[in-house]
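Undergrad: Once you know that position 236 of the sequence shown is 231 in the numbering used here, the rest is easy, because the numbers rise by one and skip nothing. For each residue, glycine too, the CB sits at the ideal point set by N, CA and C.
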Amino acid sequence: MLHIEIDGQQVEVAAGTTIMEAAESLGIYIPFFCYHPKLSVAANCRMCLVDVEKAPKPLPACATPVSDGMKIATASRKAKMAQQGVLEFLLINHPLDCPICDQGGECPLQDITMGFANPHSHYDEEKRVVEDKDIGPLITTEMTRCIQCTRCVRFGQEIGGIKELGATGRGEHMAIGTYVAKAVKSELSGNMIDLCPVGALTSKPFRYKARSWELKHTPGICPHCSTGCNTDVQSLGKEVLRVLPRNNEAVNEQWICDKGRYAYTGLNAPDRVTKPLLRDSQGKWTEVSWAEALEATLAGLEKVLARHGADKLAGLISGQSSNEELFLFQALLRGLGSPHVDHRLHQQDFRADAAMPLYPALNMSLEELEREPLIVLCHGFTRHEQPLTNHRLHKAVLNGGKVVSIDSMRQDFNFPVTQMVAEAGEDLALYQQLAGHFAHVHEEKQSDALVQLAQEMAAADNPLILIGSALLHHPQAADLLAQVESIAELAGGRIGWLADESNSAGAWLSGCVPQRAPGGHLLAEPGLPAGACWNAEMQGFILFGVEPGVDSLAGAQAVQRLRDAEFVLSISHFGNEARQYADVILPMAAFAEGSGSYVNNEGRCQSFRAAVKLPGEARPGWKILRVLGDGLKLPDFQYNELSEVSAAWHHAVGDYGMDIPPFHAFPALEAVQPIPAGALLRLGDWPIYQGDPLVRRAKPLSTPLVARMHPDQARQSGIQGEAVEVSSASGKVTLALDLDTHIPLGCIWIPMGYPETSGLAAPYLPCSVAMAALLPETQRAS
């Protein structure tokens, strides 16, 4: 430990501590622009110059490590003159446009100028002007304001993992921008706005909407993936205007992904439902009162129960619902006698249900991921599925760890990853080969990548295997899970789950699966899983926050089954898809409009509360379920406050650990139809901005719909143009085509989550392709 003195105060610090860090520990403020505790030290703004005894000139506090006996003055005449001089130079070319700058009121340059600047400038020449860059739909640039602190550049390289911005030129001609004219596409790019200490980078959707001091701040939890990032929802009146990260070092540190930052822009989509809707016998939709809608709903449900019995009624709920909504939803269905309750619309193979854990638990804290020496990702593209969990894996690699990915296609990770890609439809065989190689781990090191992986896993101390979302979407998911368990046993490793949706853990704990009650208690008579409901001639459906046409792997089949059903109730935020098949649409609270709690990947239960008032006549989801249960005369539905529902959920779920067995005993798995060999297979999953109804409607996040195919496969299929017609047993669609060497031969990748592609066969089923002359007008526009 070293003993130093700062502004007359004695302090003891560890070797390697900088002056900035030592001053912070004493609560002494030193002004700065380029310094950030999460980024490397650049020391290029020079604003933090301080006076160090015996040093011939002021030294930058952010880059100067302390030495024993050092005496530092942060407010001496020498230090103040240095800071004033630096600030005068920074302001030389800065435009005087604070009144129209979105950074006004929360601008470090404004604050530091008020506190440290010389009131008189010696500069009276013309200011320089820098051309603005168009770097995409999320970030507005005003580069004349830039002071070249390079925070955005360092963030992209060190945190985002992609060096999309950089500095060109020297001295006065230095400018920040992209090396070639292109958009910034990192899924963490919005954090550059927060880091910018001036108004050079601001939020494009938020531009000119409000001043920072006008906004109300409400703590929230991001509902778009199971990391559970903490957010600051900022609103003005009835409208959410901005979502920023809220510091929580244990979860998201001080970052948030672009999906969580900009999805709020979908709240006011044209098809937002704000009043109850009722369809008459001619198929016409009319707005009605809540009393009329509830009367029609109760009559419709009672009719289905009377005519067909509870076994023909199914309930499907979004995995983004709160614990309270999930708990009441399963209580409603089971109170009516229906065992068919599920939230897993993305899944198609449910044979491993008996072996599934209490909930999909990471089985460690997110912070512990950073210290893992060997991580094997099984069908998990964390960069798009869980960007802030991916950030932890990035840090693990920076700390000397290794990440290995096993997947159906090569993914575009933003840090070094050893990737092992299965040939078309051979995913299960790849895992079987890896398991078989553990018999040879003690042999001399071989060149075969799978053998090397087996040797590394066997040599590692307790390697970590992470099960990704795409594995559960696979038609052979149960067989893949059994192989993962076998590999973990052979390697002496641990298994962690990367839950599919933001509250998948809460859905399992709450009993929103057909085989379990709340708390994981097994049911004597389990119901049908979501994927089986489309073939079971169900006559009644209760849908809560889902759009099965694009949320299900069998979208066309799901829509047809819903159209054929006798009664469909949709409790939803949006009505575009529901109008195709629902009889009643009840408007409910969306993100930032309701309160509740989520359980994240770690098993951490986090609460959130409403930030804005509900639009129109929309109601909180838990209240709608409570009224339905009460109207159907079910017991235990007399809740008046959300806190009462939360208490009931906690009582039913009981205590649960954050470190639980990854599997129960695997049952004997029935054989499923093998993946066709030799046929062109359709691959696909939900892209980062198509995973849920709100994100799909966020215009700043919209991405063009394209199919992707390996160039060699395109030549073999006779495809030469930029458009392709894809046909399957259930439908066909014309799409733009990108040639991509990441796609395996024998496959075409077509994303899920788009209404245009919902009519195609599920992934890993055969399809055919042909050249298309023209794209549909909508795709040409995009």
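Would ALA776 be called buried (16 or more neighbouring beta carbons within 10 Å of its own) or exposed?
TA: Bear in mind that a pLDDT of 44 at ALA776, under 50, signals an unreliable position, so the model cannot answer this.
Undergrad: If you drop the 5 nearest sequence neighbours on each side, which residues of the same chain put their C-beta closer than 6 Å to that of GLN406?
TA: Answer for GLN406: PHE376, listed in chain order.
Undergrad: Return the chain-ordered ranges of every alpha helix (DSSP H) run that is complete within the segment 358 to 429 and spans a minimum of 4 residues.
TA: Counting whole runs of 4 or more residues, the segment 358 to 429 contains the alpha helix (DSSP H) stretches 361 to 364, 377 to 380, 382 to 393.
Undergrad: Where does the unbroken beta strand (DSSP E) through THR729 begin, and where does it stop?
TA: 726 to 734 is the span of the beta strand (DSSP E), which, as asked, contains THR729.
Undergrad: Need the endpoints of the beta strand (DSSP E) that HIS212 sits in, please.
TA: Per DSSP, HIS212 belongs to the beta strand (DSSP E) from 211 to 216.
Undergrad: Among GLN510, LEU54, LEU331, SER712, which has the Cα closest to the Cα of ALA349?
TA: Nearest option by C-alpha distance: GLN510.
Undergrad: Identify, in the order they occur along the chain, each residue of the same chain with its Cβ nearer than 7 Å to the Cβ of LEU383, setting aside the five sequence neighbours on each side.
TA: Within the same chain, LEU383 has close Cβ partners THR222, CYS224, ASN247, TRP250, CYS252.
Undergrad: Mind listing, in chain order, the continuous alpha helix (DSSP H) runs of no fewer than 4 residues lying wholly within the segment 50 to 119?
TA: DSSP runs (the alpha helix (DSSP H)) wholly in the segment 50 to 119: 72 to 87, 103 to 111.
Undergrad: Does ASP675 come out as helix, strand or coil in the three-state DSSP assignment?
TA: Per the sequence shown, residue 675 should be read as Leu rather than Asp. LEU675 falls in the coil class under three-state DSSP.
Undergrad: Need the endpoints of the alpha helix (DSSP H) that ASP559 sits in, please.
TA: From DSSP, the alpha helix (DSSP H) with ASP559 extends over 550 to 559.
Undergrad: Have a look at LEU388 and ALA486 and give me their C-alpha separation to the nearest angstrom.
TA: Those two C-alpha atoms are separated by around 20 Å.
Undergrad: For TRP492, name the three-state secondary structure that DSSP assigns.
TA: TRP492 falls in the strand class under three-state DSSP.
Undergrad: Thinking LEU461 and VAL371 are a contact (beta carbons under 8 Å), I'd like their distance in whole angstroms, please.
TA: Sure, about 7 Å apart at Cβ, within 8 Å.
Undergrad: Please go through the same chain and pick out, in chain order, the residues whose beta-carbon is closer than 8 Å to the beta-carbon of VAL8, but skip the five residues on each side of it.
TA: Only MET(-4), LEU(-3), ILE(-1), GLU16, ALA17, SER20, VAL61 meet the Cβ criterion.
Undergrad: Could you tell me which whole alpha helix (DSSP H) segments of length 4 or greater appear in the segment 614 to 681?
TA: The qualifying runs are 616 to 626, 637 to 648.
Undergrad: Below 8 Å on the Cβ atoms is my guess for ASN39 versus GLN143; work out the distance and round it to an integer in Å.
TA: At roughly 7 Å, the Cβ-Cβ gap stays under 8 Å, so ASN39 and GLN143 are in contact.
Undergrad: In terms of residues, what are the limits of the beta strand (DSSP E) holding GLN229?
TA: 225 to 231 is the span of the beta strand (DSSP E), which, as asked, contains GLN229.
Undergrad: Round the Cβ separation of ALA577 and ARG202 to the nearest angstrom and send it over; I've been treating them as touching at under 8 Å.
TA: Contact doesn't hold; Cβ gap of about 37 Å is too wide.
Undergrad: Below 9 Å between beta carbons: does that hold for LEU231 and LYS211?
TA: Yes, they are a contact pair.
Undergrad: Just to confirm, are ILE743 and VAL728 a CB contact at a threshold of 9 Å?
TA: In this structure, VAL728 does not lie closer than 9 Å to ILE743 by Cβ.
Undergrad: For CYS742, which three-state DSSP category applies?
TA: If DSSP states are grouped into helix, strand and coil, CYS742 belongs with the strands.
Undergrad: Between CYS220 and SER497, how many whole angstroms is the CB-CB distance? I'm expecting something under 8 Å.
TA: That pair is a contact at about 6 Å.
Undergrad: Do GLU297 and LEU627 have their CB atoms nearer than 9 Å?
TA: Result yes, Cβ atoms of GLU297 and LEU627 sit closer than 9 Å.
Undergrad: For the alpha helix (DSSP H) holding TRP503, just list the boundary residues, first then last.
TA: Here the alpha helix (DSSP H) through TRP503 covers 499 to 505.
Undergrad: Considering only their Cβ atoms, is the gap separating ALA584 from HIS568 smaller than 9 Å?
TA: Going by C-beta atoms, HIS568 is nearer than 9 Å to ALA584.
Undergrad: Report the CB separation of GLY463 from LEU425 in whole angstroms; it is logged as a contact under 8 Å.
TA: Going by Cβ atoms, the distance from GLY463 to LEU425 rounds to 14 Å, so no, they are not a contact pair.
Undergrad: Exposed or buried, which one is CYS72 when buried takes at least 16 other CB atoms within 10 Å?
TA: According to the sequence displayed, residue 72 carries Arg and not Cys. Looking at its Cβ environment, which holds fewer than 16 other Cβ atoms inside 10 Å, ARG72 is exposed.
Undergrad: So for ASP456, helix, strand or coil by DSSP?
TA: Note: ASP456 maps to coil in three-state DSSP.
Undergrad: Which residues in the same chain have their Cβ closer than 8 Å to the Cβ of GLN427, if we skip the five residues on either side of it in sequence?
TA: For GLN427, where only same-chain residues beyond five positions count, the Cβ hits under 8 Å are GLN478.
Undergrad: Look at the alpha carbon of GLU319 and the alpha carbon of GLU421, and state the distance between them as a whole number of angstroms.
TA: Going from the Cα of GLU319 to the Cα of GLU421 covers about 41 Å.
Undergrad: GLU137 and ALA112: beta carbons closer than 9 Å?
TA: Cβ atoms of GLU137 and ALA112: not closer than 9 Å.
Undergrad: Please report the straight-line C-alpha distance between ILE171 and HIS379, rounded to a whole angstrom.
TA: Taking the straight line from one Cα to the other gives about 27 Å.
Undergrad: Below 8 Å, how does it come out for the segment 139 to 156 and the segment 28 to 37: are there three or more Cβ pairs, yes or no?
TA: As far as the Cβ criterion goes, the segment 139 to 156 touches the segment 28 to 37, which means the pair count is three or higher.
Undergrad: What residue range is occupied by the uninterrupted beta strand (DSSP E) comprising GLU0?
TA: First-last of the beta strand (DSSP E) with GLU0: -3 to 1.
Undergrad: Figure out for me which residue from SER403, ASN409, CYS373, GLN381 has the closest Cα to the Cα of LEU393.
TA: Comparing Cα positions, the closest option is ASN409.
Undergrad: For LYS618, collect the residues of the same chain with a Cβ closer than 7 Å to its Cβ; drop the 5 residues on either side in sequence, then sort them by chain order.
TA: Cβ neighbours of LYS618 beyond the five flanking positions: none.
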